[in-house]
Amino acid sequence: MLAQISQLADPIGAIIGFILTIMVLSYIIGDNFLFRLAIHIFIGAASGYAAILIIYNVLWYQVLVPILQIFATGNLDGLLPYAVQVAPAVLLGLWMMTKLSPRLSRYGTPVLAFLTGVGAATVIAGAVMGTIFPQVGASANLLNKNYAPAEMSSIVGWFINGLVVIAGTVTTLIYFQFGLKRREDGLPAQRPVVLEYLSTVGQGFIIITLGVLFTGVYLAALTALIDRIGYLWNVIMRFF
Numbered sequence: 014m015l016a017q018i019s020q021l022a023d024p025i026g027a028i029i030g031f032i033l034t035i036m037v038l039s040y041i042i043g044d045n046f047l048f049r050l051a052i053h054i055f056i057g058a059a060s061g062y063a064a065i066l067i068i069y070n071v072l073w074y075q076v077l078v079p080i081l082q083i084f085a086t087g088n089l090d091g092l093l094p095y096a097v098q099v100a101p102a103v104l105l106g107l108w109m110m111t112k113l114s115p116r117l118s119r120y121g122t123p124v125l126a127f128l129t130g131v132g133a134a135t136v137i138a139g140a141v142m143g144t145i146f147p148q149v150g151a152s153a154n155l156l157n158k159n160y161a162p163a164e165m166s167s168i169v170g171w172f173i174n175g176l177v178v179i180a181g182t183v184t185t186l187i188y189f190q191f192g193l194k195r196r197e198d199g200l201p202a203q204r205p206v207v208l209e210y211l212s213t214v215g216q217g218f219i220i221i222t223l224g225v226l227f228t229g230v231y232l233a234a235l236t237a238l239i240d241r242i243g244y245l246w247n248v249i250m251r252f253f
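Start counting the sequence shown at 14; every next residue gets the next number (the numbering used here).
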């Protein structure tokens, strides 16, 4: 019985994938019921999968299983340290559930603010430590002779590449310089002409960067579309 079910799983999965792909691609003719139904199915499946992962990997294995192991071994001395470790997370989780009630939702605001602050701090720390500091270090070493290639023929290209990267970094930072004070006569302050020209160059670097990013996104979307079309063709050829 299980062997028959496993044999049917592959063609049934192919048919379901074919139908869902057609439903998503129906958005080409405009927003319609089939597209919205497919989106709701995907969101529901993703939410259910995330909920199962949280229940299975967090609540069960990190909360309930250690407690059951403590009671099974009879070593109750380890219960208090574990309770102290887990209690803050459990209390914050239960406190967060007050957001489900319209009358009690205001009591869950401090927890939401705490989570938002922790998330913002994590993002800022990641941006500073993972992007800004490495970028500064890389820019500082671009023209360092210790990092120059050993081949003499590559030194010119290495030097030009370093100058371009440094120029792009500096001019882009100048473009985002908004620290001017208003003049005494009340008119908006203007940057020196040199900075205006440099900010224009920085704007050009930004335009090129956004163009490259847009091209990458477009190519990724086009690749996904080609992959889905190939999938549809393979399913059709498989059954017909």
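Think of the CB as a built atom: it goes at the ideal place given N, C-alpha and C, for glycine as much as any other residue. What you are looking at is a predicted structure, and each value in this text was computed from that prediction instead of being measured.
Kindly give me the distance between the Cβ atoms of residue i and residue j, rounded to whole angstroms, as I take these residues to be in contact under 8 Å.
i, j, result
"isoleucine 179", "leucine 155", "6 Å"
"leucine 1", "lysine 112", "With the chain covering only 14 through 253, there is no way to say anything about residue 1."
Is it the case that the Cβ atoms of residue i and residue j are separated by a distance below 9 Å?
i, j, result
"leucine 245", "phenylalanine 31", "yes"
"methionine 109", "leucine 128", "yes"
"glutamine 75", "valine 99", "yes"
"tyrosine 95", "proline 79", "yes"
"glycine 51", "leucine 33", "Looking at the sequence provided, one finds alanine at residue 51 rather than glycine. Cβ distance < 9 Å, so alanine 51 and leucine 33 count as in contact."
"proline 24", "phenylalanine 252", "yes"
"leucine 176", "glutamine 190", "no"
Spatial neighbours of residue i within its chain, please: CB distance less than 8 Å, with the 5 preceding and 5 following residues excluded, ordered by chain position.
i, result
"aspartate 90", "none"
"asparagine 45", "Ser39"
"leucine 117", "Thr111"
"alanine 64", "none"
"glycine 121", "Trp108, Met109, Met110, Thr111, Lys112"
Grab me the residues of residue i's own chain with a C-beta within less than 6 Å of its C-beta, minus the 5 sequence neighbours each way, in chain order.
i, result
"isoleucine 137", "none"
"leucine 66", "none"
Cutting at 7 Å between CB atoms, please list the residues of its own chain near residue i, excluding the five before and the five after it.
i, result
"threonine 228", "none"
"arginine 119", "none"
"glycine 130", "none"
Self-check item: Stretch-stretch touch, CB-based, cutoff 8 Å, three pairs: the segment 211-220 with the segment 166-186
Solution: yes
Quiz item: Is the segment 228-248 in contact with the segment 34-47, if contact means three or more CB pairs nearer than 8 Å?
Solution: yes
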